[in-house]
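One structure is given here, and the rest of the page talks about it.
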Amino acid sequence: DTAAAVVDIDGNIRGEAIASQAEIHSQYGGVVPKLAQEAHASAINKTVELALARAEIDFKDLTAIGVTVGPGLALCLQASRD
Numbered sequence: 001d002t003a004a005a006v007v008d009i010d011g012n013i014r015g016e017a018i019a020s021q022a023e024i025h026s027q028y029g030g031v032v033p034k035l036a037q038e039a040h041a042s043a044i045n046k047t048v049e050l051a052l053a054r055a056e057i058d059f060k061d062l063t064a065i066g067v068t069v070g071p072g073l074a075l076c077l078q079a080s081r082d
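By UniProt numbering, the letter at position 68 of the sequence shown is numbered 68, and the numbering carries on one by one without gaps.
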């Protein structure tokens with residue numbers, strides 16, 4: 001799955017969004033790494049934009065950005081850093 005959240009300085013979640021890959025992988029009986037990478041790369045921007053919209057904040061107003069570096073599939077984790 002691809003997820004994003006906007007968290008304020010007090011740790012409160014102001015907005016969040018999740019793009020599920022369950023439908024993609026269910027037909028294979030498990031996660032297919034290359035398909036997961038492609039789905040994550042295609043969903044990350046829209047997922048972040050939706051979390052920002054739900055938080056009613058602009059990207060330029062963020063003071064920090066965090067991404068997962070592990071555990072997880074390296075192919076997918078790299079898409080978050082790109």
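Each residue gets a CB set at the ideal place from its N, CA and C atoms; glycine is no exception.
Out of curiosity, what's the CA-to-CA distance linking residue i and residue j?
i	j	result
Gly72	Glu38	15 Å
Ala5	Ala55	9 Å
Leu35	Ile65	25 Å
Arg14	Asp58	12 Å
Arg81	Lys60	18 Å
Gln78	Ala43	14 Å
Buried or exposed: which applies to residue i, given that a residue is buried once 16 or more other Cβ atoms fall within 10 Å of its Cβ?
i	result
Ala9	According to the sequence shown, residue 9 is Ile rather than Ala. Its Cβ having fewer than 16 others within 10 Å, Ile9 is exposed.
Thr63	exposed
If I measure Cβ to Cβ from residue i and keep anything under 8 Å in the same chain, skipping five residues before and after, which residues do I get?
i	result
Cys76	Pro33, Ala36, Gln37 and His40
Beta carbon of residue i: closer than 6 Å to some heavy atom of the ligand FAD?
i	result
Asn12	No copy of the ligand FAD occurs in the structure displayed, which carries no ligand at all.
Suppose the cutoff is 7 Å on Cβ atoms and the five residues either side in sequence are ignored; what does the same chain contact list for residue i look like?
i	result
Asp1	Ile18, Ala19, Ser20 and Gln21
Ala51	Ala4, Ala5, Val6, Gly15, Glu16 and Ala17
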